[in-house]
Every structure is written in C-alpha cells, then in structure tokens.
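Heads up: the sequence shown is residues 2 to 312, going by the working numbering.
Glycine residues also receive a C-beta, built at the ideal position from the N, C-alpha and C atoms.
Notes follow once the structure below has been shown.
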Amino acid sequence: MIAGSGYLGRFAPSPTGPLHVGSLVAALASWLDARAHNGQWLLRIEDVDTPRTVAGVDQTILQQLSVCGLHPDTPPVWQSQRSALYQSALQQLIAQGLAYACTCSRKDIEIALVARGHTRTRHAELVYPGSCRLAPLHPMARARAWRLRTDVLLPPHAPAPGTTAHITWHDRRLGPQAQDVAQAVGDFVLQRADGCWTYQLAVVVDDAAQGISHVVRGQDLADNTARQIWLQRCLGLPTPQYLHTPLVLGADGAKLSKQNGALPLDLSKPLQALNTAAAVLGWPAQAGSVPEALATWTAMATAHGGSPVGP
Ligand SMILES: [Zn+2]
C-alpha cells in the first residue's frame with residue numbers, strides 16, 4: 002500500500018508531440034496536488050492511439066519533465082504494453098451484455114441520423130444512434146468497433162445495479178457537473194475498427210489498475226469525465242476525485258495545443274517554462290533554482306487547502 006495519505010495521482014501525456022506550456026500546466030498541477038497531499042505521483046505514457054504516436058517523443062517528454070524537476074515516484078508505464086488489461090475489461094463488458102460490435106461506417110451513422118430526423122453533433126463528432134445495438138451481427142460482417150451501451154439501467158447482477166448513464170459528479174475546481182451520456186454522446190467506442198483501444202477504455206482501466214485516487218488534468222478533458230464514470234460503474238471500478246486545470250489560451254483565444262502549433266518547451270530554460278505554467282495556475286513566479294521554486298509552490302498549495310490551483 003502507498004505510504005502516507007493513500008493519495009495516488011498521475012500525469013498521463015500522449016506522445017503525439019513534445020510537451021508545450023499547456024501540457025506542462027497539467028503536469029505541474031498534478032505533481033503539486035500529489036506533493037500537497039503527501040501522496041505519490043505516477044507517469045503513464047498514453048500511446049494507445051498508435052497512428053498518432055510519434056516515435057521517440059515519449060523519451061523527449063520524460064526528459065522535459067526531468068529537467069523541470071518533475072520526477073515520478075515509480076517507473077513510468079506505457080499503455081501500448083497493457084493491451085491484455087484492456088482486452089480483459091472489454092470481455093467483461095461483452096459478457097455482461099454492455100458492449101457490442103458495431104459495423105457502421107461514418108456514412109452509415111450519418112444516414113441513420115438523417116433517417117431519424119436529426120443530425121445532432123458534438124465537437125464535430127456524430128452522436129451514435131445505436132444502430133447496431135439490437136441488430137444481431139451479420140455472420141459475414143467484420144466487427145469494425147466495440148461500443149459501450151449507454152441506454153441501459155445496470156442490471157441487478159452488475160456492480161452498480163440500477164445506475165443509468167445520467168452522470169453527476171463534483172469537480173474540485175469546476176464544482177457540480179452533469180451529463181446524460183446517452184443524449185450527449187451515445188454508445189461510445191471502446192475499441193476502434195483498426196484495433197486501437199480508445200482513450201476512454203484505457204484511462205479507466207489504468208486509473209483503477211494503478212489505484213489512482215485523484216485525477217488532475219486539463220479542462221479540455223473534462224467532457225470525457227461522465228463517459229469514464231459510466232465505464233467505471235459498468236466495470237465495478239472506483240471513481241477517483243477529479244480536478245480540471247485552467248487551459249492556456251493562444252492569442253486568438255483558442256486553447257493552446259500541440260495541434261495548433263504550440264511551441265515545445267525550451268529545455269534550456271526550465272524555470273521560465275515552470276513560471277509560465279505556474280502563472281496559469283495562479284502561483285507567483287519564482288527566482289532561484291527549479292527545486293526551490295517547486296518547494297515554494299508546494300508550500301503555497303499545501304497552505305491553500307491542498308489545491309494545485311492558486312487564489
Ligand atoms: Zn453500428
């Protein structure tokens with residue numbers, strides 16, 4: 002068991018590009034939260050989306066974190082080496098009748114939505130209308146993806162019987178949150194047609210397998226939380242506490258990301274990078290060494306009720 006408080010946190014970057022200041026905010030916040038709670042901080046490389054993974058970037062990220070003084074308490078894990086865990090979770094869901102094969106192409110989903118008289122979309126993604134949910138898979142059909150049912154009341158033998166996918170939760174920074182996953186997203190994908198495990202399945206399985214008690218991550222991921230809580234309930238796994246950190250906005254007001262060309266961190270000036278990230282979290286800039294700055298912010302977060310986001 003974990004020494005001290007039982008707090009276990011993590012930072013879980015995707016190796017699609019080097020860390021930029023936006024991802025450093027999440028790294029620093031999760032590290033500070035763990036330190037302020039006298040807990041442990043783990044590192045997980047989320048490389049299940051193999052087409053988007055860039056070779057060697059995982060090592061760059063580990064080096065960037067190290068230069069910034071953010072050292073994990075146990076050796077990092079790579080999701081690409083954990084397929085057996087994800088396969089086992091999917092088998093459990095299939096056995097419970099909660100996951101099913103979907104052979105729909107994107108075009109099939111568009112046609113089904115139009116036939117129902119609506120074209121609801123969410124973040125440019127189509128809300129899946131459940132076409133394959135009750136249709137027995139044609140024997141010749143190749144399963145393109147596996148989806149999780151969101152329309153069900155969990156049955157009496159399920160880990161959380163009587164629960165629906167109308168999810169409410171409390172975010173430590175954003176306050177009370179709610180989402181009806183069936184309405185907002187529909188039955189979502191656990192394993193893609195190309196065999197890749199989805200972020201939703203891998204993150205839920207790994208958070209539970211690693212005993213993560215607190216998730217601190219960027220606000221751009223807040224929208225995934227209801228889906229992940231539903232998946233936890235379907236699998237009978239505990240729900241961690243969540244805190245979503247403020248986003249770094251570019252000059253155009255859009256969220257800064259690897260995708261819109263955020264500059265990677267300057268490894269020769271780690272304190273400058275950390276000061277930029279700390280400012281987003283509401284902490285004052287520090288002079289001196291990286292360890293001194295981290296110790297000062299840890300003391301401030303501890304004094305601020307153990308919050309990694311400052312006043
Ligand atoms: Zn389908």
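Next item on the list: Would you check if the distance between the CB atom of L238 and the CB atom of L94 is smaller than 9 Å?
Entry: no
Next item on the list: For the beta strand (DSSP E) containing R45, list its first residue and its last residue.
Entry: 41-46
Checklist line | Chain-order list of residues whose beta-carbon lies under 6 Å from that of H183 (same chain, five-residue window excluded) | finding: Sequence inspection shows Ala at residue 183; the His mentioned does not correspond to that position. Cβ neighbours of A183 within its own chain (closer than 6 Å, five residues either side excluded): T151, D152, A166.
Item checked: Integer Cβ distance of D34 from V217, believed to fall under 8 Å -> 5 Å
Next item on the list: Say yes only if the C-beta of R234 is nearer than 8 Å to one or more non-hydrogen atoms of ligand 1, and no if none qualify.
Entry: No - ligand 1 has no heavy atom lying nearer than 8 Å to the Cβ of R234.
Next item on the list: List the residues that DSSP assigns as beta-bridge partners of C133.
Entry: By DSSP's assignment, C133 forms no beta bridge with any residue.
Check: Can you pull every residue whose C-beta falls closer than 6 Å to some heavy atom of ligand 1, listed in chain order?
Finding: Those residues placing their Cβ nearer than 6 Å to any heavy atom of ligand 1 are, following chain order, C103, T104, C105, S132, C133.
Notebook entry, point to check: Contact check, L244 vs V68 under 8 Å by CB: the rounded distance?
Noted result: The beta carbons of L244 and V68 sit about 25 Å from each other, so the pair does not count as a contact at 8 Å.
Note to self: To the nearest angstrom, how far is the alpha carbon of M2 from that of S81?
What the structure shows: Any reading at M2 must be qualified, since the residue scores a pLDDT of 38, below 50, and its modelled position is unreliable; the value itself is stated next. Those two C-alpha atoms are separated by around 26 Å.
Note to self: Going by DSSP, what residue range makes up the alpha helix (DSSP H) through P177?
What the structure shows: Unbroken run through P177 is the beta strand (DSSP E), 176-181; no alpha helix (DSSP H).
Next item on the list: Determine the closest residue to A156 out of W298, P285, L236, L282, with distance taken between C-alpha atoms.
Entry: Note on residue identity: the sequence assigns Pro, not Ala, to residue 156. The residue with the shortest Cα to Cα distance from P156 is L236.
Notebook entry, point to check: Hey, would you say G10 sits closer than 9 Å to L63, going by beta carbons?
Noted result: no
Next item on the list: Mark T75 as exposed unless 16 or more other C-beta atoms lie within 10 angstroms of its C-beta, in which case mark it buried.
Entry: exposed
Note to self: So, for R234: in the same chain, excluding its five sequence neighbours on each side, which residues have a beta-carbon less than 6 Å away from its beta-carbon?
What the structure shows: Closer than 6 Å at Cβ, skipping near neighbours: A161, T164.
Next item on the list: Work out the CA separation of A288 and Q88 for me, nearest whole Å.
Entry: One C-alpha to the other measures close to 48 Å.
Next item on the list: Pick helix, strand or coil for V186, following the three-state DSSP scheme.
Entry: coil
Checklist line | Inter-residue spacing [alpha-carbon to alpha-carbon] between E293 and I46 | finding: 27 Å
Notebook entry, point to check: From S308 to G40, what does the alpha carbon distance come to, in whole angstroms?
Noted result: Computed Cα separation, rounded: 13 Å.
Next item on the list: Would you list the residues sitting across from I168 in a DSSP beta bridge?
Entry: Answer is Q180, bridged to I168.
Check: Which residues in the same chain as A278 place their Cβ atom closer than 7 Å to its Cβ, once the five residues preceding and following it in sequence are excluded?
Finding: Within the same chain, A278 has close Cβ partners V22, L25, V26, L29.
Next item on the list: Whole angstroms is fine: what's the gap from P19's alpha carbon to G118's?
Entry: 43 Å
Notebook entry, point to check: Three-state secondary structure (DSSP) at C69?
Noted result: coil
Notebook entry, point to check: P16 to L149, Cα distance in whole Å?
Noted result: 26 Å
Checklist line | Whole-Å CB distance - D221 paired with L202, under 8 Å assumed | finding: About 19 Å separates the two Cβ atoms, so there is no contact after all.
Notebook entry, point to check: beta strand (DSSP E) containing V216: first to last residue?
Noted result: 215-219
Next item on the list: Within the same chain, show all residues whose beta-carbon is closer than 7 Å to that of Q65, passing over the 5 residues directly before and after it, in chain order.
Entry: P19, L20, L266, L268
Check: Looking at the structure shown, is P265 part of a helix, part of a strand, or coil, going by DSSP?
Finding: When secondary structure is reduced to three states using DSSP, P265 falls in the strand class.
Next item on the list: Note the first and the last residue of the continuous beta strand (DSSP E) segment covering G10.
Entry: 9-12
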